[in-house]
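Visitor: Before I ask anything, let me first share the structure, which is written out below as structure tokens.
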Amino acid sequence: AYFLIFMGISLLGAVFGSARFYTISVLGQRVIADIRKTLYNHITALSPSFFERVRTGEVLSRLTTDTMLIETVVGSSMSIALRSIVSVVGALIIMFVVSWKLTLMVLMIGPLIVIPVIFFGRRVQRLSREGQDNLATASGRASETLSSIQTVQAFTQEATERTRFARAVDNTYTSQKRRLRVRAIMTFVMFGLGQVGMIGVLWYGANATASGQMTGGDIAQFAFLAFVTVTNFGFVITTWTDLLRAAGASERIVELLSETPDIKTPEHPVALDKAKGEINVDKLVFSYPTRPDERALDGVSFAVKPGETVALVGPSGAGKTTMFQLLLRFYDPQSGQIEIDGIDIRKLAPGTLRRQFAFVQQATPLFSGSAMENIRYGREGASDEEVIAAAKAAFAHDFITRLPDGYNTDLGEKALTLSGGQQQRIAIARAILRDAPILLLDEATSALDAQSERAVQNAFAALAKDRTTLVIAHRLATVKKADRIIVMEHGKIVDQGTHSELVRRDGLYARLAELQFNAED
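Numbering (the working numbering), first residue to last: 299 to 819.
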């Protein structure tokens with residue numbers, strides 16, 4: 299009968315142990331999943347200025363490595379700690395029944411264990427943070443290298459990059475070794491003092507047995523329970539040190555969550571369903587946060603009528619692309635304002651503003667996934683027929699249908715399986731599908747051959763009809779038909795007019811045109 303009772307208790311212990319492990323582990327996974335989603339949502343809401351000063355690898359390290367460290371603590375470590383706490387409480391109750399005096403003596407050992415944990419714990423936390431920072435540096439180095447692997451190999455810099463990565467990894471190893479050294483010293487002091495205290499308690503118990511105050515069975519039972527108590531208390535302390543280590547990772551996550559977007563949604567945003575396309579730019583002054591002493595735009599003012607096609611031309615660094623970034627409100631100017639349909643864009647929610655634009659960059663990023671998915675990125679919910687129509691308008695349909703699985707072909711990371719011109723045509727198809735009232739074209743045909751460029755220019759001409767279009771182009775032949783050309787230099791507007799007017803004035807535009815057209819001849 300006793301054997302059956304013992305077996306039943308053992309089975310119940312196994313059931314409760316499994317339930318504890320499963321419940322705590324699932325809870326930990328849920329918490330970490332929520333942290334990761336919250337962190338990612340916050341990251342994607344941050345302004346471009348944040349990514350100018352923080353490496354992508356550093357951000358990814360906080361999103362993955364730091365959360366994995368917290369996951370380990372919240373999951374397995376907390377499960378072990380819960381079991382150990384229950385064991386300690388149960389053992390102490392029985393010990394108190396056996397001998398309350400010896401139990402009080404055992405409890406007095408607690409401070410001997412806790413004091414070194416407090417003393418060394420802060421250093422463990424600091425070194426853990428340092429190790430996570432160094433690991434993030436290594437991750438950032440690897441991310442930069444792998445994302446530009448063709449450049450690295452083309453310039454035969456593999457050995458240099460390996461050395462840099464090895465240096466970053468060695469720094470991480472050094473930080474972790476220092477942390478482990480401190481933790482080892484803490485463990486030695488903690489358990490050493492604990493064992494000395496236990497020996498003292500057992501010595502007192504042995505004397506009590508010799509004087510007849512306790513039996514040999516009592517002292518043996520007490521010694522076993524004391525061993526269980528100290529061992530499980532040690533597990534609790536180990537979990538505490540793991541928590542201190544995770545605290546270093548938590549600091550980095552909280553630090554990232556404390557970053558606030560520079561571009562904020564107004565408390566009472568103005569509604570704007572679909573703009574007519576009128577743009578007014580008034581006395582814009584802007585410097586990038588990383589270059590505050592250098593004005594990218596200096597007193598820029600111009601107006602664009604609905605449906606007008608305006609080209610921005612000028613040498614590199616004139617402020618053309620910066621103008622687009624301010625129109626999309628990736629940054630706010632230091633002074634001046636931009637209006638869309640007479641509404642200051644700062645009064646619009648950023649999402650509302652950006653839905654008024656279709657943007658094609660000089661090198662528009664594509665994503666891993668199919669051609670269909672990449673084009674549909676311009677407008678979620680678009681039908682397959684609408685996607686195909688946009689691809690045809692961008693003269694991308696023919697080469698897409700020649701891919702192994704047509705529109706469902708996986709293009710790979712950054713669509714590197716396609717040529718530069720093919721990537722650009724998919725990006726143009728994405729902009730066409732967006733069907734926005736304002737087009738922003740930043741060297742949108744720069745990667746196309748002459749035949750494709752002519753075809754896409756015709757597509758743009760049809761697309762730009764009844765839409766406001768702003769075009770940046772270094773190849774002046776592509777903007778000759780623009781309604782108006784704005785010439786920029788050193789962040790200022792130096793001239794504007796039609797192609798023929800600007801050529802007759804013999805200014806900067808005329809010199810640029812002469813250089814290009816003579817070179818082509």
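Using N, Cα and C, we set each Cβ at its ideal position, and we do this for glycine too. Only a predicted model underlies this, so the values are computations on that prediction, with no experimental measurement involved.
If you draw a straight line from the C-alpha of residue 666 to the C-alpha of residue 814, how long is it?
Guide: For this step, residue 666 is matched to residue 368 along the sequence shown. For this step, residue 814 is matched to residue 516 along the sequence shown. Roughly 37 angstroms between the two C-alpha positions.
Visitor: State yes or no: is the C-beta of residue 489 within less than 8 angstroms of the C-beta of residue 393?
Guide: Here residue 489 refers to the residue found at position 191 of the sequence shown. Here residue 393 refers to the residue found at position 95 of the sequence shown. Against a cut-off of 8 angstroms, the Cβ pair of residue 393 and residue 489 comes out as no contact.
Visitor: Three-state secondary structure (DSSP) at residue 728?
Guide: For the purposes of this step, residue 728 is taken as residue 430 along the sequence shown, with counting starting at 1. Helix at residue 728.
Visitor: Pick helix, strand or coil for residue 617, following the three-state DSSP scheme.
Guide: Taking the first residue of the sequence shown as position 1, residue 617 is located at position 319. In this structure, residue 617 counts as coil in the three-state DSSP scheme.
Visitor: DSSP state of residue 305, grouped into three classes?
Guide: Against the sequence shown, residue 305 aligns to sequence position 7. Looking at residue 305 - three-state DSSP - the assignment turns out to be helix.
Visitor: Take the Cβ of residue 309 as the centre, count every other Cβ of all protein chains shown within 10 Å, and call the residue buried at 16 or more, exposed below.
Guide: Counting from one through the sequence shown, the residue named residue 309 turns up at place 11. Classification for residue 309: exposed.
Visitor: Please classify residue 618 as buried or exposed, where buried requires at least 16 neighbouring CB atoms within 10 angstroms.
Guide: Position 320 of the sequence shown, counted from the start, is the residue given in the question as residue 618. With 16 or more other Cβ atoms within 10 Å, it is buried.
Visitor: From residue 522 to residue 333, what distance separates their C-alpha atoms?
Guide: What you label residue 522 is simply residue 224 of the sequence shown in a count that begins at 1. What you label residue 333 is simply residue 35 of the sequence shown in a count that begins at 1. About 42 angstroms.
Visitor: Apart from the five residues on each side of it in sequence, which residues of its chain come closer than 8 angstroms, Cβ to Cβ, to residue 507?
Guide: Reading the sequence shown from its first residue, position 209 is the one you call residue 507. Excluding residues within five positions, the ones whose Cβ falls inside 8 angstroms are 513, 514, 516 and 517.
Visitor: If we count the other Cβ atoms within 10 Å of its Cβ and call it buried at 16 or more, is residue 566 buried or exposed?
Guide: As a first step, residue 566 must be located in the sequence shown, where it is residue number 268. Exposed, by the Cβ-count rule.
Visitor: Could you check how far apart the C-beta atoms of residue 322 and residue 418 are, in whole angstroms? I think they sit under 8 angstroms.
Guide: Here residue 322 corresponds to residue number 24 of the sequence shown, with the count starting at 1. Here residue 418 corresponds to residue number 120 of the sequence shown, with the count starting at 1. Actually they are not in contact, since the Cβ atoms of residue 322 and residue 418 sit about 27 angstroms apart, beyond 8 angstroms.
Visitor: Check this for me: beta carbons of residue 564 and residue 654, under 8 angstroms apart or not?
Guide: As a working note, residue 564 is residue 266 in the sequence shown. As a working note, residue 654 is residue 356 in the sequence shown. Contact flag unset, no.
Visitor: Taking the C-alpha atoms as reference points, what is the distance between residue 648 and residue 347?
Guide: Locating residue 648 in the sequence shown gives position 350, counting from the first residue. Locating residue 347 in the sequence shown gives position 49, counting from the first residue. If I take the Cα positions, the gap works out to 15 angstroms.
Visitor: With 16 other CB atoms within 10 Å as the buried threshold, where does residue 525 fall?
Guide: Looking up residue 525 in the sequence shown gives position 227. Classification of residue 525: exposed, given that the 10 Å Cβ count is below 16.
Visitor: Do the CB positions of residue 352 and residue 611 come within less than 8 angstroms of each other?
Guide: The sequence position of residue 352 within the sequence shown is 54, counting from 1. The sequence position of residue 611 within the sequence shown is 313, counting from 1. It is not a contact, given that the beta carbons lie outside the stated cut-off.
Visitor: Nearest to residue 495 by alpha carbon, out of 409, 541 and 569?
Guide: Start at 1 with the first residue of the sequence shown, and residue 495 comes out as number 197. Closest by alpha carbon: 409.
Visitor: Can you tell me whether residue 807 is buried or exposed? The criterion is at least 16 other CB atoms within 10 Å of its CB, across all chains shown.
Guide: Within the sequence shown, the letter at position 509 stands for residue 807. With 16 or more Cβ atoms within 10 Å of its Cβ, residue 807 is classed as buried.
Visitor: So if DSSP puts residue 596 in a beta bridge, which residue, or which two residues, is it bridged to?
Guide: By 1-based counting over the sequence shown, the position of residue 596 is 298. DSSP output for residue 596 lists 583 as bridge partner(s).
Visitor: Is residue 345 near residue 628, with beta carbons less than 8 angstroms apart?
Guide: Along the sequence shown, one-based indexing puts residue 345 at 47. Along the sequence shown, one-based indexing puts residue 628 at 330. Going by C-beta atoms, residue 345 is nearer than 8 angstroms to residue 628.
Visitor: From this set, 758, 441 and 426, which residue's C-alpha is nearest residue 357's C-alpha?
Guide: As a first step, residue 357 must be located in the sequence shown, where it is residue number 59. The residue with the shortest Cα to Cα distance from residue 357 is 441.
Visitor: Could you check the C-alpha separation between residue 474 and residue 486 for me, to the nearest Å?
Guide: Within the sequence shown, numbered from 1, the residue matching residue 474 stands at position 176. Within the sequence shown, numbered from 1, the residue matching residue 486 stands at position 188. If you take the alpha carbons of residue 474 and residue 486, they lie about 18 angstroms apart.
Visitor: From residue 462 to residue 425, what distance separates their C-alpha atoms?
Guide: The sequence position of residue 462 within the sequence shown is 164, counting from 1. The sequence position of residue 425 within the sequence shown is 127, counting from 1. Cα to Cα, the separation comes out at about 22 angstroms.
Visitor: Could you tell me which of 679, 421, 579 and 585 sits nearest to residue 635, measuring between CA atoms?
Guide: Residue mapping note: residue 635 aligns to position 337 of the sequence shown, counting from 1. Residue 635 has its Cα closest to that of 579, out of 679, 421, 579 and 585.
Visitor: Considering only residues of the same chain and omitting the five flanking positions on each side of residue 739, which have a CB-CB separation below 6 angstroms?
Guide: Against the sequence shown, residue 739 aligns to sequence position 441. If we look at residue 739 and ignore the five residues flanking it on each side, its Cβ neighbours are 658 and 769.
Visitor: Taking all protein chains shown into account, decide if residue 397 is buried (16 or more other Cβ within 10 angstroms of its Cβ) or exposed.
Guide: Position 99 of the sequence shown, counting from 1, holds the residue named residue 397. So residue 397 ends up on the buried side.
Visitor: Whole angstroms is fine: what's the gap from residue 339's alpha carbon to residue 555's?
Guide: Position 41 of the sequence shown, counted from the start, is the residue given in the question as residue 339. Position 257 of the sequence shown, counted from the start, is the residue given in the question as residue 555. Rounded to the nearest angstrom, the two C-alpha atoms are 10 angstroms apart.
Visitor: Out of 543, 402 and 401, state which residue places its alpha-carbon closest to the alpha-carbon of residue 429.
Guide: Sequence index remark: in the sequence shown, residue 429 carries index 131 (1-based). Ranking 543, 402 and 401 by Cα distance to residue 429 puts 543 first.
Visitor: Are residue 537 and residue 379 close, meaning C-beta to C-beta below 8 angstroms?
Guide: Residue mapping note: residue 537 aligns to position 239 of the sequence shown, counting from 1. Residue mapping note: residue 379 aligns to position 81 of the sequence shown, counting from 1. The answer is yes: Cβ separation under 8 angstroms.
Visitor: For the 8 angstroms Cβ check, are there 3 or more pairs between the segment 680 to 688 and the segment 588 to 606?
Guide: Segments in contact, no.
Visitor: Roughly how many angstroms separate the alpha carbons of residue 608 and residue 762, rounded to a whole number?
Guide: Within the sequence shown, residue 608 is the residue found at index 310, counting from 1. Within the sequence shown, residue 762 is the residue found at index 464, counting from 1. Looking at the two C-alpha atoms, the distance is approximately 11 angstroms.
Visitor: Under 6 angstroms Cβ to Cβ from residue 582, same chain only, skipping five residues before and after it: list those, please.
Guide: Indexing the sequence shown from 1 puts residue 582 at position 284. For residue 582, where only same-chain residues beyond five positions count, the Cβ hits under 6 angstroms are 595, 598, 631 and 634.
Visitor: Alpha carbon to alpha carbon, how far is residue 771 from residue 741?
Guide: Here residue 771 corresponds to residue number 473 of the sequence shown, with the count starting at 1. Here residue 741 corresponds to residue number 443 of the sequence shown, with the count starting at 1. Rounded to whole angstroms, residue 771 to residue 741 spans 5 angstroms at the Cα level.
Visitor: How long is the line joining the alpha carbons of residue 354 and residue 700, rounded to whole angstroms?
Guide: To locate residue 354, count along the sequence shown from 1; it is residue 56. To locate residue 700, count along the sequence shown from 1; it is residue 402. For residue 354 and residue 700, the distance between alpha carbons rounds to 35 angstroms.
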